[in-house]
Structure formats: structure tokens, C-alpha cells
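The next block holds one structure in the form of C-alpha cells; read it before the comments.
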Amino acid sequence: MGKKEIISRIEELKKKRNAVILVHNYQLPEVQDIADFLGDSLELSIKASKVDADVIVFCGVYFMAETAKILSPEKKVIIPDKNATCPMAMMIAEDDLRNLRKEYKDSVFVAYVNTRAWTKALVDICCTSANATKVVNSIEENRKIVFIPDKYLGDYAMRKTGRDMILWNGYCPTHVLITEKDIMDKKNKFKDAVVMCHPECTPPVIDISDEVLSTSGMVKFAKESKEKVFIVGTEVGLNHRLKKENPEKIFIPATERAICPNMKRITLEKVLWALEDLKYEVEISEDIRRKAFNSVKRMTEIV
Ligand code: CIZ
Ligand code: SF4
2 MGKKEIISRI
12 EELKKKRNAV
22 ILVHNYQLPE
32 VQDIADFLGD
42 SLELSIKASK
52 VDADVIVFCG
62 VYFMAETAKI
72 LSPEKKVIIP
82 DKNATCPMAM
92 MIAEDDLRNL
102 RKEYKDSVFV
112 AYVNTRAWTK
122 ALVDICCTSA
132 NATKVVNSIE
142 ENRKIVFIPD
152 KYLGDYAMRK
162 TGRDMILWNG
172 YCPTHVLITE
182 KDIMDKKNKF
192 KDAVVMCHPE
202 CTPPVIDISD
212 EVLSTSGMVK
222 FAKESKEKVF
232 IVGTEVGLNH
242 RLKKENPEKI
252 FIPATERAIC
262 PNMKRITLEK
272 VLWALEDLKY
282 EVEISEDIRR
292 KAFNSVKRMT
302 EIV
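So for the sequence shown, the numbering used here puts the first residue at 2; every next one is plus one.
Given below as C-alpha cells:
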């Protein structure tokens with residue numbers, strides 16, 4: 002089947018199933034191009050909860066599809082490849098977290114949205130890369146904070162807020178591939194460029210960047226900025242969207258090595274098969290879903 006035929010089959014099945022296709026900013030260009038909605042994980046999950054559809058096809062990694070299910074229990078949420086997982090989300094195990102909770106009994110536990118549903122269910126509040134600082138600032142001064150699982154986002158929030166926090170030793174294996182040297186080389190080549198980096202990057206990269214932004218933050222900044230040339234310090238997939246939405250501007254990936262292999266597991270064929278077979282359905286027990294929902298809700302109440 003050619004690409005055109007796959008896309009027209011997807012369109013047909015979407016109508017038949019009353020489905021919408023949500024696509025994360027890091028997905029393959031061909032998958033981004035068939036999106037009903039494109040965005041970061043939380044934006045997409047909120048969209049999923051508001052849209053009138055029976056089926057949500059979530060093109061991203063597993064924790065993101067779970068977040069959509071947490072907010073939309075009445076909808077069928079499917080992910081085209083169930084092996085699209087996030088290694089960072091898997092850097093904390095249930096035993097680790099339960100032991101940590103015992104060790105830091107009176108602390109407030111903050112989890113990055115890049116975590117599984119069971120993780121969100123075991124913490125007090127969630128945060129995203131866009132609102133980590135606000136969430137941390139909202140916690141009473143006299144409370145100790147434990148931040149999981151991303152030590153770099155945690156370190157960034159700690160430096161921004163001046164709050165002391167216990168950081169779990171997790172990180173994103175894709176964002177650590179972006180080095181200080183990559184940024185310096187690109188800066189030397191493109192002297193007028195603005196450097197945007199994601200807070201999942203290491204502190205030396207963050208320190209030499211002009212803007213530290215989530216993917217949705219980068220999309221907004223690139224659109225509103227008067228600058229013409231941008232060095233993009235995040236997963237390479239975002240560049241497709243940035244170029245498409247700002248054809249008159251120039252976007253240079255900090256490094257072409259910053260690829261998330263899990264994000265790239267999802268292909269057009271798999272989206273078609275997902276719609277044909279309504280697979281793979283994301284299921285979460287109601288008890289975990291409700292607790293995870295509360296952690297997400299506490300975040301949305303603050304920001
Ligand atoms: O939460 C997301 O979607 C991720 C992982 C990246 C971002 O900053 O948008
Ligand atoms: Fe996880 Fe990093 Fe891939 Fe995002 S880019 S899904 S944090 S491994």
C-alpha cells in the first residue's frame with residue numbers, strides 16, 4: 002500500500018470509528034502531518050478530554066497515552082505501538098518510590114508528567130517542563146520536596162526557585178546527547194541565532210542557552226519572536242513543526258543525534274493498524290486512575 006492510500010484509509014476509518022489522532026511534537030514528520038492535534042503531552046491529554054470522540058489514537062510514548070486515559074476514562078485510548086515507552090519514566094520503580102516515601106515521610110513528592118500512571122498515583126502533585134518552577138514555588142516553605150524522576154528538570158527548578166530538593170537520579174537519554182560543544186559549535190557558525198533548550202538538557206547546556214522552554218514553549222516563542230534563526234536543543238522531531246509553522250525562519254537542531262527511538266516507533270502503517278483493530282488499548286485500574294488524576298488536578302489548580 003502506498004503512502005497516499007494509507008492516509009486515505011486512515012481518514013476513512015477515523016470517521017467510521019469516530020476517532021481523533023493526537024500527535025506529540027517529537028513524532029515522525031509523516032505522522033505529524035496526519036494529526037488532528039499536535040502538542041506536548043499535557044496539552045494533548047487535555048484536548049483528548051474535551052474533544053467529542055469515542056476513540057483517541059495517541060501517537061507518542063506510553064505514559065502520554067496513559068495521561069490521556071487518566072483524564073478521559075470514558076473514551077477508548079489506543080497507542081499504535083505498545084512498546085513505545087519512555088526510558089526516563091522507567092528509571093523509577095514502584096519499590097524505589099515506596100521506600101523513598103517511607104524515608105522522606107513528611108516531604109511533598111513532585112513527579113514530572115513523564116511518569117507512568119502508577120507513579121502519579123503515588124505522589125502528591127505533578128508538574129510539566131513548562132510549569133515545574135510554579136509548582137515547586139506553590140509548596141509551603143517549611144516542607145521538604147522530593148522531585149522525581151528527572152534530575153535535570155529538578156535541578157533547573159531548584160536553581161530557579163532557590164528551594165532545596167531531593168532529586169531522584171533519572172534523566173532523558175535523548176536530551177543528554179545534546180552537549181555544550183554542540184551548542185558552542187552551532188553558535189559559532191550561526192552568530193545571530195537564539196539558543197532554545199529543553200530543561201531535560203544537562204546544566205552546562207542550560208547555562209549557555211538563551212531560552213529554557215518546553216516544546217510548546219518553543220513553538221510559541223519561535224512564532225512570536227522577531228529573531229530569524231534558532232538553534233533548537235531538544236528532540237529533533239520538533240524541527241518539523243517549527244519549520245512548517247514558520248516557513249520564513251531557520252531552525253537548526255543542536256545535534257541530529259538527539260533522536261528518541263521510542264517516539265519514532267510509531268509509523269503511518271501502525272496508525273492504520275491501530276484504527277483497524279482498535280489496538281493497543283490503554284487500561285488503568287480505577288483506583289490508580291483516580292489517585293493519578295488527583296495529582297494532575299492539583300497541578301492544574303496551581304497553574
Ligand atoms: O511533556 C512533553 O510533552 C514532553 C516530554 C516534552 C515537552 O516539553 O513538551
Ligand atoms: Fe522519554 Fe526522553 Fe523520549 Fe521524551 S525524549 S519520551 S523524556 S526518552
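Note that CB positions come from ideal geometry on N, CA and C, so glycine has one too.
For clarity, every value in this text was computed on a predicted model and none was experimentally measured.
Take the Cβ of P262 as the centre, count every other Cβ of all protein chains shown within 10 Å, and call the residue buried at 16 or more, exposed below.
exposed
Is the beta carbon of N247 within less than 7 Å of some heavy atom of the ligand CIZ?
False, no ligand heavy atom lies under 7 Å from that Cβ.
What does the Cβ neighbour count give for R144, buried or exposed, with the cut at 16 atoms within 10 Å?
exposed
Exposed or buried, which one is V304 when buried takes at least 16 other CB atoms within 10 Å?
exposed
Using 10 angstroms around the beta-carbon of E236, count the other beta-carbons present and answer buried if the total reaches 16, otherwise exposed.
Classification for E236: buried.
In terms of DSSP beta bridges, what is Y113 paired with?
C128
Closer than 7 Å: is that where the CB of L269 sits relative to any heavy atom of the ligand CIZ?
Incorrect: L269 has no Cβ contact closer than 7 Å to the ligand CIZ.
For the beta strand (DSSP E) containing G40, name the first residue and the last one.
F38 to G40
When the Cα atoms are used, what is the spatial distance from T268 to E302?
36 Å
Based on Cα-Cα distance, which residue from I184, L14, D125 and A255 lies nearest to R291?
D125
Which residue comes first and which comes last in the alpha helix (DSSP H) that contains F1?
For the chain, the structure presents residues 2 to 304; residue 1 sits outside this window and is missing.
Within the continuous beta strand (DSSP E) that includes K77, where are the two ends?
K77 to I79
Tell me which residues share the same chain as D183 and place their Cβ nearer than 6 Å to its Cβ, disregarding the 5 neighbours each side in the sequence.
A255 and T256
Can you list, in chain order, the residues of its chain with a C-beta nearer than 7 Å to that of L276? Leave out the 5 residues immediately preceding and following it.
I11, L14, K15, R18, A20 and V58
Could you give the first and the last residue of the continuous alpha helix (DSSP H) run that contains V136?
Per DSSP, V136 belongs to the alpha helix (DSSP H) from A133 to N138.
Is L23 helix, strand or coil when you go by DSSP?
strand
Please tell me whether, using a cut-off of 7 Å, the distance from the CB of Y63 to the nearest non-hydrogen atom of the ligand SF4 is below it.
Not so, every heavy atom of the ligand SF4 lies at least 7 Å from the Cβ.
Using C-beta distances below 6 Å, list every residue in its chain close to K271, excluding the 5 sequence neighbours before and after it, in chain order.
P81 and D82
In this structure, does DSSP put D183 in helix, strand or coil?
Note: D183 maps to helix in three-state DSSP.
Using only the heavy atoms of the ligand CIZ, determine whether one of them is closer than 7 Å to the beta carbon of V1.
What the structure shows of the chain is the stretch from 2 to 304, and residue 1 is not part of that stretch, so it cannot be assessed.
Can C198 and V213 be called in contact, C-beta distance under 8 Å?
Against a cut-off of 8 Å, the Cβ pair of V213 and C198 comes out as a contact.
To the nearest angstrom, how far is the alpha carbon of R99 from that of L123?
CA-to-CA, the gap between R99 and L123 works out to about 8 Å.
DSSP puts E249 in a beta bridge; with which residues?
Answer is none; E249 lacks a bridge partner.
Which residues end up in the neighbourhood of the ligand SF4 when you take C-beta atoms closer than 7 Å to any of its heavy atoms?
Y27, V62, C87, P88, M89, A90, N115, C173, P174, T175, H176, E201, E236, C261, N263 and M264
Going along the chain, which residues put their C-beta within less than 5 Å of some heavy atom in the ligand CIZ?
D41, S42, S130, S215 and T216
Report yes if the CB atom of C127 is closer than 8 Å to the CB atom of S296, and no otherwise.
In this structure, C127 places its C-beta atom within 8 Å of the C-beta atom of S296.
Count Cβ pairs between the stretch 96 to 113 and the stretch 143 to 161 that sit closer than 8 Å; are there 3 or more?
yes
Does DSSP put I303 in a helix, in a strand, or in coil?
helix
If we ignore side chains and look at the alpha-carbon of each, how far apart do S42 and T68 end up?
8 Å
Could you name the residues of the same chain whose beta carbon sits closer than 6 Å to that of D165, not counting the 5 residues immediately before and after it, in chain order?
None.
Residues in its own chain within less than 7 Å of P30 by CB, not counting five upstream and five downstream?
H241
How many Å lie between K227 and D193 at the Cα?
12 Å
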